[in-house]
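Numbering (my numbering), first residue to last: 389 to 547.
Spelled out as structure tokens, the structure:
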């Protein structure tokens with residue numbers, strides 16, 4: 389991996405929300421997604437419940453942005469990726485790895501909306517992975533120094 393201004397793998401290992409853009413006949417569509425960064429690729433779940441799968445089947449070109457902005461510290465970092473996405477069969481172990489980073493390690497506490505496709509036949513529900521191995525990966529650190537607040541000058545002493 390080329391030199392980057394921060395550790396991209398560590399940044400993408402945190403439970404952040406990405407924005408995934410696809411092309412549609414009506415123009416770009418952008419949606420927030422949970423993702424897993426593995427094997428140099430973004431992995432996100434989709435299926436018949438979302439239009440994402442249809443969009444990628446019609447035009448596999450996608451873009452992803454993951455960023456953070458902390459106004460208190462001035463830390464601003466971005467990872468932007470573009471490329472052709474592919475739809476791959478769902479596998480439960482990868483699904484568990486993705487969900488555990490967002491929901492914690494205790495599966496018994498996970499909302500059933502997130503676990504339904506982990507048990508039984510994943511093809512029955514139509515779950516698939518959208519995988520983006522970026523053709524381009526742009527990494528930027530736009531952080532800035534946060535100056536401490538300026539104290540107003542003390543006025544003249546009162547008599």
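C-beta atoms are modelled at their ideal positions from N, C-alpha and C, and glycine is treated no differently.
Since I believe residue j is in contact with residue i (beta carbons under 8 Å), could you give me their beta-carbon distance rounded to a whole number of angstroms?
i	j	result
residue 404	residue 473	That pair is no contact at about 19 Å.
residue 469	residue 506	So it is not a contact: roughly 26 Å between Cβ atoms.
residue 512	residue 435	That belief does not hold up - the Cβ atoms of residue 512 and residue 435 are roughly 11 Å apart, past 8 Å.
Helix, strand or coil for residue i? Go by DSSP, reduced to three states.
i	result
residue 456	strand
residue 427	coil
residue 534	coil
residue 472	strand
residue 522	coil
residue 447	coil
residue 413	coil
residue 405	coil
residue 432	strand
residue 529	strand
With burial defined as no fewer than 16 other Cβ atoms inside 10 Å of the residue's Cβ, what is the status of residue i: buried or exposed?
i	result
residue 432	buried
residue 542	exposed
residue 437	exposed
residue 462	exposed
residue 446	exposed
residue 459	exposed
residue 451	buried
In the DSSP assignment, find the alpha helix (DSSP H) that holds residue i and state where it starts and stops.
i	result
residue 439	That residue, residue 439, is in no alpha helix (DSSP H); it is neither H nor E in DSSP.
residue 483	480 to 491
residue 502	500 to 503
contact_flag[the stretch 525 to 540, the stretch 391 to 406] where n(CB pairs < 8 Å) is 3 or more
These segments touch.
Does the contact criterion of 3 or more C-beta pairs under 8 Å hold for the stretch 403 to 423 versus the stretch 437 to 451?
yes
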